[in-house]
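Undergrad:
Numbering (this note's numbering), first residue to last: 134 to 250.
1. Given this structure, state the Cα-to-Cα distance separating residue 134 from residue 207, to the nearest angstrom.
2. Out of 181, 223, 174 and 241, state which residue places its alpha-carbon closest to the alpha-carbon of residue 146.
3. State buried or exposed for residue 242, treating a residue as buried only when at least 16 other CB atoms are found within 10 Å of its CB.
4. Should residue 142 and residue 211 be called a contact, given that it needs their Cβ atoms to be closer than 8 Å?
5. What are the boundary residues of the beta strand (DSSP E) that residue 244 is part of?
6. Alpha carbon to alpha carbon, how far is residue 159 from residue 199?
7. Quick one: is residue 187 buried, meaning 16 or more other Cβ sit within 10 Å of its Cβ, or exposed?
8. What residue range is occupied by the uninterrupted alpha helix (DSSP H) comprising residue 184?
9. Does DSSP classify residue 134 as helix, strand or coil?
10. Near residue 202, which residues of its chain fall below 7 Å by C-beta distance, leaving aside the five closest residues on each side in sequence?
11. Where DSSP assigns a beta bridge to residue 144, which residues make up the other side?
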């Protein structure tokens, strides 16, 4: 994976309910790629999350949003619920998102629902 190791798999707010996106990150030189999850309460739109992630990512990577939704992160109970969709990018594959989140939060109960907005 080369340089992809420097890109965190997950960067989400530590608690609360917020929008998230699933992003395909591709290293330009090697064409190696991986999916990452980003979600922030401060971002009003899914596109804001992508813009913020692009600003924070080195220029030798390309980023493409492949869907979004919402995350309900309860840090006290160690629960994360992934649900909903993005009006601009469509619904992310929440199962993929859950699998990625489990790498960072192995002691959490992480589930998803395709219901809700």
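For every residue, glycine included, the Cβ atom is placed at its ideal position computed from N, Cα and C.
It should be emphasised that the depicted structure is a prediction, and the values quoted were computed from it without experimental measurement.
TA: From the atom records:
1. Walking along the chain shown from the start, residue 134 turns up at place 1. Walking along the chain shown from the start, residue 207 turns up at place 74. Because the pLDDT of residue 134 is 46, which lies under 50, any placement of that residue in the model is unreliable, and the question is left without a value.
2. On the chain shown, position 13 is the one that residue 146 refers to. It is 174 whose Cα lies nearest to the Cα of residue 146.
3. Along the chain shown, read from residue 1 onward, the residue named residue 242 stands at position 109. It is exposed - the Cβ of residue 242 has fewer than 16 other Cβ atoms within 10 Å.
4. Translated into the one-based positions of the chain shown, residue 142 becomes position 9. Translated into the one-based positions of the chain shown, residue 211 becomes position 78. No, they are not a contact pair.
5. Looking up residue 244 in the chain shown gives position 111. Element bounds for residue 244: 242-246.
6. As a first step, residue 159 is located in the chain shown; it is residue number 26 there, counting from the start. As a first step, residue 199 is located in the chain shown; it is residue number 66 there, counting from the start. Whole-angstrom Cα-Cα distance: 13 Å.
7. The residue labelled residue 187 in the question sits at position 54 within the chain shown. Exposed is the call here.
8. Residue mapping note: residue 184 aligns to position 51 of the chain shown, counting from 1. Residues 179-189.
9. Counting from one through the chain shown, the residue named residue 134 turns up at place 1. Any reading at residue 134 must be qualified, since the residue scores a pLDDT of 46, below 50, and its modelled position is unreliable; no value is offered.
10. For the purposes of this step, residue 202 is taken as residue 69 along the chain shown, with counting starting at 1. Closer than 7 Å at Cβ, skipping near neighbours: 153, 215, 216, 217, 218, 219, 224, 225 and 227.
11. Locating residue 144 in the chain shown gives position 11, where the first residue counts as 1. BP columns for residue 144 point to 171.
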